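Read the structure below first, then the notes.
2 protein chains.
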Amino acid sequence: MAADTREQLLDTAEALFAERGFYGVSIAAIADELGLTKQALLHHFGSKEKLYGAVLQRVSEDFERKLSMVSEAESDPLKQLRAYLYALATDVRDEQIRPQLLMRELLDNKRRAEEAGTWYLKPYLERLTDMVRCLPGRDTTSEGAAFALVYQLLGAVTYFAVSQPTLTGIFGSARMTEIRDAFPGQLSNLIDAVLAEPTHSAD
Amino acid sequence: MAADTREQLLDTAEALFAERGFYGVSIAAIADELGLTKQALLHHFGSKEKLYGAVLQRVSEDFERKLSMVSEAESDPLKQLRAYLYALATDVRDEQIRPQLLMRELLDNKRRAEEAGTWYLKPYLERLTDMVRCLPGRDTTSEGAAFALVYQLLGAVTYFAVSQPTLTGIFGSARMTEIRDAFPGQLSNLIDAVLAEPTHSAD
DNA sequence: TAACTTACCTACCAAGTGGTAAGTTGTCAA
DNA sequence: TTGACAACTTACCACTTGGTAGGTAAGTTA
Numbered sequence: 000m001a002a003d004t005r006e007q008l009l010d011t012a013e014a015l016f017a018e019r020g021f022y023g024v025s026i027a028a029i030a031d032e033l034g035l036t037k038q039a040l041l042h043h044f045g046s047k048e049k050l051y052g053a054v055l056q057r058v059s060e061d062f063e064r065k066l067s068m069v070s071e072a073e074s075d076p077l078k079q080l081r082a083y084l085y086a087l088a089t090d091v092r093d094e095q096i097r098p099q100l101l102m103r104e105l106l107d108n109k110r111r112a113e114e115a116g117t118w119y120l121k122p123y124l125e126r127l128t129d130m131v132r133c134l135p136g137r138d139t140t141s142e143g144a145a146f147a148l149v150y151q152l153l154g155a156v157t158y159f160a161v162s163q164p165t166l167t168g169i170f171g172s173a174r175m176t177e178i179r180d181a182f183p184g185q186l187s188n189l190i191d192a193v194l195a196e197p198t199h200s201a202d
Numbered sequence: 000m001a002a003d004t005r006e007q008l009l010d011t012a013e014a015l016f017a018e019r020g021f022y023g024v025s026i027a028a029i030a031d032e033l034g035l036t037k038q039a040l041l042h043h044f045g046s047k048e049k050l051y052g053a054v055l056q057r058v059s060e061d062f063e064r065k066l067s068m069v070s071e072a073e074s075d076p077l078k079q080l081r082a083y084l085y086a087l088a089t090d091v092r093d094e095q096i097r098p099q100l101l102m103r104e105l106l107d108n109k110r111r112a113e114e115a116g117t118w119y120l121k122p123y124l125e126r127l128t129d130m131v132r133c134l135p136g137r138d139t140t141s142e143g144a145a146f147a148l149v150y151q152l153l154g155a156v157t158y159f160a161v162s163q164p165t166l167t168g169i170f171g172s173a174r175m176t177e178i179r180d181a182f183p184g185q186l187s188n189l190i191d192a193v194l195a196e197p198t199h200s201a202d
């Protein structure tokens, strides 16, 4: 299969998996969207599970690539992390496919893992954790606390990203635009507030 | 149908919907878990959609009740919000069903809403937003910014809650225990840091 | 030219889906 | 004793699911 054909198939599959989840999309629906039969898709990827795996594999690689980019452009780990989170927040404001996909993977993984048994997100999460543990003043922080911190920051960004379609439905697009505009500024407040000083009481 | 029978049916349905999502559970599976046939369930609730609606309705009411409790126990809005988030974080450490259910609702809602057309979470979210907008020093903050703030805090709690099963799979239960123990302390750092001072640059 | 590969197709299958129709059983009030 | 009602049951339906089997047409290579 040609590389760009493959990319195209993965693009469509990724969008649909993000929108409806693994169990919510049929291979026939993905194939339909691409203008082929589901058997053509099965021919290329072997099974639905493998197609989904290929989608997640690509996402995981892209995420790691982005992390690498900021860590090459910046030497200060604090600035690295801040730059990464800012970039993530901006991406996420306009493009919610991947946070949605990841969210669904986090939710369904336990169930799927019994059959699939692969942790596509592991390398990405470990890279991020390492990054936090390099923060100045955090070297005394326990591993668990560092991980908790990064997860809270990731959550602050991702939860909103994932909620956008529903929030638009609830509050209407006018008010939603206002919220979306206010989001990055509020987020930088939060990031700066929490990254500014090392842990004081807890840990 | 007796009230406690109904509660029991909803309990089981809620747990399964949270674990697998609306499209991931069949009414037959829920009925199986309860030891009855799917037709018995359909008899009580009419349709799968209505059963799901009843589950969400109850969650929404419980959430509002919890909000009412903290706002009756405390008069200072800052303390109210802090108390609520702390309680939420503690709940969520041990019991992930509801955050998971809500997360799935946020993800699937747009699709389901075309058929269902009800926003079960709206009252809860509006209560929370009002609470934030009563914060001292936040009265000059725009509505959008206030909402963004509360969503970031909610996200910090919920994202982790939802991730726990998957994270346990990835990192093993020993390391996961360490993370879970560190989480509340880190979260209180974050809450205090971000609620301490009103918005300075953004907005 | 012959052998092989890639990219698709139609036809089919067993299993499972939500939902309807029409009973059956047990309880309890008149 | 009768009748009403709730709480089920079995039987069934049309439809969708992931996946297999087997084929065709168009390259590509020896």
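Sequence order for the protein chains is A and B. Every letter in the first sequence is one number past the one before it in numbering that gives the first Met the number 0, and letter 81, counting from 1, is 80. Every letter in the second sequence is one number past the one before it in numbering that gives the first Met the number 0, and letter 88, counting from 1, is 87. Note that beta-carbon positions come from the ideal geometry of N, C-alpha and C, so glycine has one too. Note that the coordinates shown come from a computational prediction; the quantities given were computed from them, not determined experimentally.
Separation of residue j from residue i, as counted between CA atoms
i	j	result
A/L55	B/R92	27 Å
B/D202	B/S141	Any reading at B/D202 is ruled out, since the residue's pLDDT is 39, under 50, leaving its predicted position unreliable.
A/Y85	A/K78	10 Å
A/R126	A/L66	8 Å
B/N188	B/L194	10 Å
A/V69	A/L80	8 Å
A/S162	B/A147	11 Å
A/G136	A/G143	15 Å
A/A145	B/I178	8 Å
B/A14	B/L100	8 Å
B/K37	B/A53	17 Å
A/Y83	B/D107	28 Å
B/M0	B/R64	24 Å
B/A192	A/D191	9 Å
A/S74	B/Q7	56 Å
A/I26	A/L40	7 Å
B/K121	A/M130	37 Å
B/V149	A/A155	9 Å
A/E94	A/P183	14 Å
B/D216	A/Y51	The shown model of chain B, from 0 to 202, leaves out residue 216 of chain B, and the question about it has no answer.
B/F16	A/A72	44 Å
B/A160	A/V24	25 Å
B/E104	B/T128	19 Å
B/H42	B/E60	24 Å
B/H199	B/D180	Annotation note: pLDDT 48 at B/H199 (below 50); position unreliable, coordinate value reported separately. If you take the alpha carbons of B/H199 and B/D180, they lie about 32 Å apart.
A/K49	A/A173	41 Å
A/A2	A/F44	13 Å
A/D138	B/D138	38 Å
Element boundaries [alpha helix (DSSP H), containing residue i]
i	result
B/D180	172-195
B/S70	47-72
A/Q95	Looking at the DSSP string, A/Q95 is not in any alpha helix (DSSP H), and its letter there is neither H nor E.
B/L41	37-44
A/F21	Segment: none, A/F21 is in no alpha helix (DSSP H) and carries neither H nor E.
B/D31	26-33
Whole-angstrom C-beta distance between residue j and residue i, which should lie under 8 Å
i	j	result
A/L153	B/Y158	6 Å
B/M102	A/M175	The Cβ separation is near 19 Å, so there is no contact.
A/L118	B/G168	Residue 118 of chain A is actually Trp in this sequence, not Leu. Contact flag correct, Cβ pair sits at about 7 Å.
A/V58	A/R97	6 Å
A/F62	A/Y123	5 Å
B/Q151	A/L186	6 Å
B/K109	A/T165	6 Å
B/T4	B/I29	That pair is no contact at about 14 Å.
B/P76	B/L134	5 Å
Beta-carbon neighbours of residue i, restricted to chain B and to distances below 7 Å
i	result
A/A192	A192, V193
A/P164	K109
A/T11	Per Cβ cutoff of 7 Å: no residues; A/T11 is ~17 Å from chain B at best.
A/Y158	Y150, L153, G154, T157, Y158
Contact list for residue i against chain A, beta-carbon separation under 7 Å
i	result
B/I222	Only positions 0 to 202 of chain B appear in the structure, and residue 222 of chain B is not among them; the question remains open.
Per-residue contacts from residue i into chain A (C-beta, under 8 Å)
i	result
B/I169	W118, L120, K121, L124
B/Y83	Those within 8 Å of B/Y83 in chain A number zero; the least Cβ separation is about 16 Å.
Contact set between residue i and chain B, taken where Cβ atoms lie within less than 8 Å
i	result
A/Y22	R19, G20, Y22, G23
A/V161	M102, L105, L106
Residues that residue i contacts on chain A, provided the C-beta gap is smaller than 9 Å
i	result
B/L189	L148, Q151, L152, A155, L189, A192, V193
Contact list for residue i against chain B, beta-carbon separation under 9 Å
i	result
A/Q99	L106
A/A181	T140, S141, E142, G143, A144, A145, F146, A147, L148, A201, D202
Closer than 8 Å: residue i CB and nearest the ligand HEM heavy atom
i	result
A/M175	Among the components of this structure there are no ligands whatsoever, and the ligand HEM is therefore not found.
Next on the checklist: If we require 4 or more residues per run, which alpha helix (DSSP H) segments fall completely within the stretch 101-175 of chain B?
Outcome noted: 121-132, 142-170
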